[in-house]
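Visitor:
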Amino acid sequence: MTALLSIRDLSVLYRRDDVEVVALEGLSLEVAAGERLAIIGESGSGKSTLALAIARLLPESAVIGGRIEWSASQLQTSRSVIRPAGEMSGRTKEGAKDRQRLPLTNNAPIGGRDIGFVFQDPSSSLDPVMPIGKQIAEVARTHLGLGWSQAYARAKTLLERVRLPDPDAALHAYPHQLSGGQKQRVAIAAAIAAGPRLLIADEATSALDTIVQAEIVSLIRRLVAEDGMTLLFISHDIALAATLAERIAVLRHGELIESGETRQIVEAPRNAYTRSLLDAHLGLDAVPLLDRPGASA
Amino acid sequence: MSLLAVSNLAKRYHRRGKPFPAVDDVSFEIGPAETLALAGPSGSGKSTIARLVLRLIEPDAGRMEFEGTDFFSLSGAALRARRARLQMVFQDPLAAFNPRATVARVLDDPLRIHAIASRAERPRRIAALLERVGLDAGLAQRAIHEISGGQRQRVAIARAVATRPSLIVLDEAVSALDVSVRGQILELLLDLQRQERIAYLFISHDLGVIRAVAHRVAILDAGRVAEVGDARAVIANPQSAIGKALVAATPTLNRNRA
Numbered sequence: 021m022t023a024l025l026s027i028r029d030l031s032v033l034y035r036r037d038d039v040e041v042v043a044l045e046g047l048s049l050e051v052a053a054g055e056r057l058a059i060i061g062e063s064g065s066g067k068s069t070l071a072l073a074i075a076r077l078l079p080e081s082a083v084i085g086g087r088i089e090w091s092a093s094q095l096q097t098s099r100s101v102i103r104p105a106g107e108m109s110g111r112t113k114e115g116a117k118d119r120q121r122l123p124l125t126n127n128a129p130i131g132g133r134d135i136g137f138v139f140q141d142p143s144s145s146l147d148p149v150m151p152i153g154k155q156i157a158e159v160a161r162t163h164l165g166l167g168w169s170q171a172y173a174r175a176k177t178l179l180e181r182v183r184l185p186d187p188d189a190a191l192h193a194y195p196h197q198l199s200g201g202q203k204q205r206v207a208i209a210a211a212i213a214a215g216p217r218l219l220i221a222d223e224a225t226s227a228l229d230t231i232v233q234a235e236i237v238s239l240i241r242r243l244v245a246e247d248g249m250t251l252l253f254i255s256h257d258i259a260l261a262a263t264l265a266e267r268i269a270v271l272r273h274g275e276l277i278e279s280g281e282t283r284q285i286v287e288a289p290r291n292a293y294t295r296s297l298l299d300a301h302l303g304l305d306a307v308p309l310l311d312r313p314g315a316s317a
Numbered sequence: 009m010s011l012l013a014v015s016n017l018a019k020r021y022h023r024r025g026k027p028f029p030a031v032d033d034v035s036f037e038i039g040p041a042e043t044l045a046l047a048g049p050s051g052s053g054k055s056t057i058a059r060l061v062l063r064l065i066e067p068d069a070g071r072m073e074f075e076g077t078d079f080f081s082l083s084g085a086a087l088r089a090r091r092a093r094l095q096m097v098f099q100d101p102l103a104a105f106n107p108r109a110t111v112a113r114v115l116d117d118p119l120r121i122h123a124i125a126s127r128a129e130r131p132r133r134i135a136a137l138l139e140r141v142g143l144d145a146g147l148a149q150r151a152i153h154e155i156s157g158g159q160r161q162r163v164a165i166a167r168a169v170a171t172r173p174s175l176i177v178l179d180e181a182v183s184a185l186d187v188s189v190r191g192q193i194l195e196l197l198l199d200l201q202r203q204e205r206i207a208y209l210f211i212s213h214d215l216g217v218i219r220a221v222a223h224r225v226a227i228l229d230a231g232r233v234a235e236v237g238d239a240r241a242v243i244a245n246p247q248s249a250i251g252k253a254l255v256a257a258t259p260t261l262n263r264n265r266a
């Protein structure tokens, strides 16, 4: 297996009001090219910090140790791009200028071009006052050096690929005219517009209802297969992750607890914490709490 | 006899100038110490029903009998008195409470407003409520924003049970919790139900959670009840299209453990 990236002894520490919080500590992990890897953990486990570190989206105030090494052969060769590196397809409140200058990578990947990022809340990743076609076209223009008309043609193709109804009309629609699930489809279209090698989905379905969640998961599965992307699927839901990922890494309190093939993690977890996460899952085949002995007063 | 009987409930909103039925001719009953779950996709009317039952919004049509009274016609002191019997817990207690208030203050309010305990008696009652929901009485002086999400949801439950309700509306009350905490909160709710004979209107998008704690389930679609029945029977063998879609979309872990 060819590694897309190798994470070596990664530590991230946040400073807030003179209080230091360790978000990740000594984490090492290989991500193979073309695999679907899920990062699982509860709140405060460091899973989102890991995603942000890989995408080089951590705030400047974060103190980072260790290395993230990218395989040069897996990255796109430099093209003449209109904008300099560092611009992301997703938008954050702070904008690109406040993000860290990460010293720890070689062959630095370019966000938006080499990495597509899908966040939990599509409303905050999309610009509310820009037509969605332009938001997708902008990514293709920036990273692929296309002209506007080519970029719009690509945006339309992408809207078809994410199965948005009536892609022609959707090009000119604004985010508020779409449902939550449709907005997430648009955010995914923007994330993959430049043909990234790595797609990171950070709780990308957590704000959606069960039915829409299943649709978005199958969309991600199809797009990742069609484009040969590597997927990093960040989730609190181990059952959902198991439906999509080939491999699962379990994080807790900023440390990697265990990682392995999905089947091994689900059927024969080595770690007690992983087992407790599996036991806490309330599936449609679990014994209802109403019936469990010892639950009565 | 039922504790709560809702009949022909309706509420319309307007979307881009057009009337949009959020809740459309919905009827259901809940018995004492029973849990009825409302399931359904986003926009199916679950939370609107919760808000109507709590009279946070007014219905366009329909009746609600609660503890033998016509709840929608109550007003003034009679409504306030009956409200003590009908409590609520929402998804995000940080949004429901003043984050800078202390836990004691959050629990003092219902005891004072509903004249349940005298000023001198209240600190002891607050300590007992905290203990009842599995929290240390020492937490009373902490601010809401200082405690964990699970602790906060326990405080929300303590506040709800402070007025000795017969029914609590739980609107996605465990949806934002980590799974390890979620199990403990569900156990607490079941324990309170058995001990105090509290009924729950349990709103959730998660069929796994519903199956774990609810006696019956009503599956909603576009503001209407698509099907209703025993929770396990409906989830094992849904009859409606939306019920089938919800079951099919629920992720399952295939654990073939020895």
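Here the protein sequences line up with chains C and W, keeping their order. Residue 317, in the working numbering, is where the first sequence stops; the numbers in between run on with no holes. Residue 266, in the working numbering, is where the second sequence stops; the numbers in between run on with no holes. For glycine and all other residues, C-beta sits at the position ideal for the given N, C-alpha and C. As the structure is a prediction and not an experimental result, all values here were calculated from the model.
1. Could you compute how far the alpha carbon of Ile254/C sits from the alpha carbon of Ala224/C?
2. Can you tell me which of Ala262/C, Gly131/C, Arg56/C and Gly61/C puts its alpha carbon nearest to the alpha carbon of Leu78/C?
3. In chain W, what lies closer than 7 Å to Ser63/C by C-beta?
4. Pick helix, strand or coil for Ser83/W, following the three-state DSSP scheme.
5. Would you list, in chain order, the members of the region 249-264 of chain C that have their beta-carbon closer than 8 Å to a beta-carbon of chain W?
6. Would you list the one or two residues that DSSP bridges to His22/W?
7. What residues are listed by DSSP as bridge partners for Asp117/W?
8. Report the option in Ala136/W, Gly70/W and Gly158/W whose CA atom is closest to the CA atom of Ala148/W.
9. Going straight from the alpha carbon of Arg160/W to that of Ala265/C, what length do you get?
10. Quick one: using the 10 Å Cβ neighbour count with 16 as the cut-off for buried, is Gly48/W buried or exposed?
11. Count the CB pairs spanning the region 220-234 of chain C and the region 38-54 of chain C that are closer than 8 Å, and state whether there are at least three.
12. Quick one: is Leu198/W near chain C, going by C-beta distance under 8 Å?
13. Nearest to Glu129/W by CA position, among Ala112/W, Arg59/W and Arg63/W, is which residue?
14. For Gly251/W, which residues in chain C fall below 9 Å Cβ to Cβ?
15. With 8 Å set as the bound, which would you pick, yes or no: does the beta-carbon of Val244/C sit closer than that to a beta-carbon of chain W?
16. With which residues is Tyr208/W paired in a DSSP beta bridge?
17. Taking Cβ positions only, does Pro40/W come closer than 8 Å to chain C?
18. Could you tell me how far apart the beta carbons of Leu164/C and Ala214/C are, in whole angstroms, since I believe they sit closer than 8 Å?
19. Contact between the region 234-241 of chain W and the region 208-225 of chain W: three or more CB pairs below 8 Å?
20. By a C-beta neighbour count over all protein chains shown, 10 Å radius and 16 as the cutoff for buried, is Pro195/C buried or exposed?
21. Against chain C, does His213/W count as a neighbour if the rule is that its beta carbon must be under 8 Å from one of theirs?
22. Thr56/W touches chain C at which residues, Cβ-Cβ below 7 Å?
23. Starting from Ala230/W, follow the alpha helix (DSSP H) in both directions and report where the run begins and ends.
24. To test your reading of the DSSP string, which unbroken alpha helix (DSSP H) runs of 4 or more residues are found completely within the region 124-205 of chain C?
25. Is it buried or exposed, Ile102/C, if we count other Cβ atoms within 10 angstroms and call 16 or more buried?
26. Grab the span of the beta strand (DSSP E) containing Gln95/W for me, first residue to last.
27. Ignore the nearest five residues each way along the sequence and tell me which others in Ser143/C's own chain have a CB closer than 7 Å to its CB.
28. What residue range does the alpha helix (DSSP H) around Asp299/C cover?
29. Between which two residues does the beta strand (DSSP E) holding Val39/C run?
30. Classify Ser255/C as helix, strand or coil using the three-state DSSP reduction.
31. Give the residues from the region 285-311 of chain C that approach chain W closer than 7 Å (Cβ to any Cβ), ordered along the chain.
32. Is it right to say Trp90/C is buried, meaning 16 or more other beta carbons lie within 10 angstroms of its own, or is it exposed?
33. Three or more C-beta pairs closer than 8 Å, one from the region 161-171 of chain W and one from the region 108-123 of chain W: is that the case here?
34. Determine the burial state of Ala190/C: buried for a count of at least 16 other Cβ atoms within 10 Å of its Cβ, exposed for fewer.
35. Using three-state DSSP, classify Ser10/W as helix, strand or coil.
36. Are three or more beta carbon pairs between the region 15-26 of chain W and the region 184-193 of chain W nearer than 8 Å?
Guide: Based on what the coordinates show:
1. Taking the first sequence and counting its residues from 1, one reaches residue 254/C at position 234. Taking the first sequence and counting its residues from 1, one reaches residue 224/C at position 204. Their Cα atoms are separated by approximately 8 Å.
2. Position 58 of the first sequence, counting from 1, holds the residue named residue 78/C. The shortest C-alpha separation from Leu78/C is found at Gly131/C.
3. Against the first sequence, residue 63/C aligns to sequence position 43. Those are Asp186, listed as they occur along chain W.
4. Stepping through the second sequence from its first residue, residue 83/W is reached at position 75. Look at Ser83/W here: in three-state DSSP terms it is coil, with no helix or strand label.
5. So the close ones are His256, Asp257, Ile258, Ala259, Leu260, Ala262 and Thr263.
6. Residue mapping note: residue 22/W aligns to position 14 of the second sequence, counting from 1. Beta bridge pairing from DSSP links His22/W with Pro27/W.
7. Against the second sequence, residue 117/W aligns to sequence position 109. Answer is none; Asp117/W lacks a bridge partner.
8. Within the second sequence, numbered from 1, the residue matching residue 148/W stands at position 140. Each of Ala136/W, Gly70/W and Gly158/W was checked against the Cα of Ala148/W, and the nearest Cα belongs to Ala136/W.
9. Looking up residue 160/W in the second sequence gives position 152. Looking up residue 265/C in the first sequence gives position 245. When rounded, the distance between both Cα atoms is 33 Å.
10. Reading the second sequence from its first residue, position 40 is the one you call residue 48/W. With 16 or more other Cβ atoms within 10 Å, it is buried.
11. The answer is no - the region 38-54 of chain C does not touch the region 220-234 of chain C, with fewer than three Cβ pairs under 8 Å.
12. The sequence position of residue 198/W within the second sequence is 190, counting from 1. Yes, Leu198/W counts as interfacial toward chain C.
13. The count along the second sequence starts at 1 and reaches residue 129/W at position 121. Closest option to Glu129/W, judged by alpha-carbon separation, among Ala112/W, Arg59/W and Arg63/W: Ala112/W.
14. Position 243 of the second sequence, counted from the start, is the residue given in the question as residue 251/W. Here the premise fails: no neighbours, minimum Cβ distance about 11 Å.
15. Taking the first sequence and counting its residues from 1, one reaches residue 244/C at position 224. No, no contact with chain W.
16. Sequence index remark: in the second sequence, residue 208/W carries index 200 (1-based). In DSSP, Tyr208/W forms a bridge with Thr43/W and Ile176/W.
17. Indexing the second sequence from 1 puts residue 40/W at position 32. No, its Cβ sits nowhere closer than 8 Å to a Cβ of chain C.
18. Position 144 of the first sequence, counted from the start, is the residue given in the question as residue 164/C. Position 194 of the first sequence, counted from the start, is the residue given in the question as residue 214/C. The beta-carbon separation of Leu164/C and Ala214/C, rounded to 6 Å, stays under the 8 Å limit for a contact.
19. Taking 8 Å as the limit for Cβ pairs, the verdict is that the region 208-225 of chain W does touch the region 234-241 of chain W.
20. Reading the first sequence from its first residue, position 175 is the one you call residue 195/C. It counts as buried.
21. By one-based count along the second sequence, residue 213/W stands at place 205. Chain C, which has a Cβ nearer than 8 Å to the Cβ of His213/W, makes this yes.
22. Numbered from its first residue, the second sequence carries residue 56/W at position 48. Near Thr56/W there are no residues of chain C at all, since even the closest Cβ is about 15 Å away, more than 7 Å.
23. Along the second sequence, one-based indexing puts residue 230/W at 222. Counting along the chain, Ala230/W falls outside any alpha helix (DSSP H), and DSSP gives it neither H nor E.
24. Complete alpha helix (DSSP H) runs here, min 4: 142-145, 152-164, 168-181 and 187-190.
25. Position 82 of the first sequence, counting from 1, holds the residue named residue 102/C. Because Ile102/C sits at a pLDDT of 35, beneath the cut-off of 50, its placement in the model cannot be relied upon, and the following sentence gives the value as read from the coordinates. With fewer than 16 other Cβ atoms within 10 Å, it is exposed.
26. For the purposes of this step, residue 95/W is taken as residue 87 along the second sequence, with counting starting at 1. Per DSSP, Gln95/W is one residue of the beta strand (DSSP E) stretching across Leu94 to Val97.
27. One-based indexing of the first sequence puts residue 143/C at position 123. Excluding positions up to five away in sequence, the list reads Pro195 and Lys203.
28. For this step, residue 299/C is matched to residue 279 along the first sequence. Here the alpha helix (DSSP H) through Asp299/C covers Ala292 to Ala300.
29. On the first sequence, position 19 is the one that residue 39/C refers to. Val39/C -> beta strand (DSSP E) spans Val39 to Ala52.
30. In the first sequence, residue 255/C corresponds to position 235, counting from 1. Here DSSP, grouped into helix, strand and coil, assigns Ser255/C to strand.
31. Legend: CB atoms of the region 285-311 of chain C lying less than 7 Å from CB atoms of chain W belong to residues Val286, Glu287, Ser296, Leu297, Leu298, Ala300, His301, Leu302, Gly303, Leu304, Asp305, Ala306, Pro308, Leu309 and Leu310.
32. Numbered from 1 along the first sequence, position 70 holds the residue referred to as residue 90/C. Buried is the call here.
33. Yes: the two stretches touch, three or more of their Cβ pairs being nearer than 8 Å.
34. Taking the first residue of the first sequence as 1, we reach residue 190/C at position 170. With a threshold of 16 other beta carbon atoms within 10 Å, Ala190/C meets it and is buried.
35. For the purposes of this step, residue 10/W is taken as residue 2 along the second sequence, with counting starting at 1. Of the three classes helix, strand and coil, the one that applies to Ser10/W here is coil, per DSSP.
36. Output reads no: the region 184-193 of chain W does not touch the region 15-26 of chain W.
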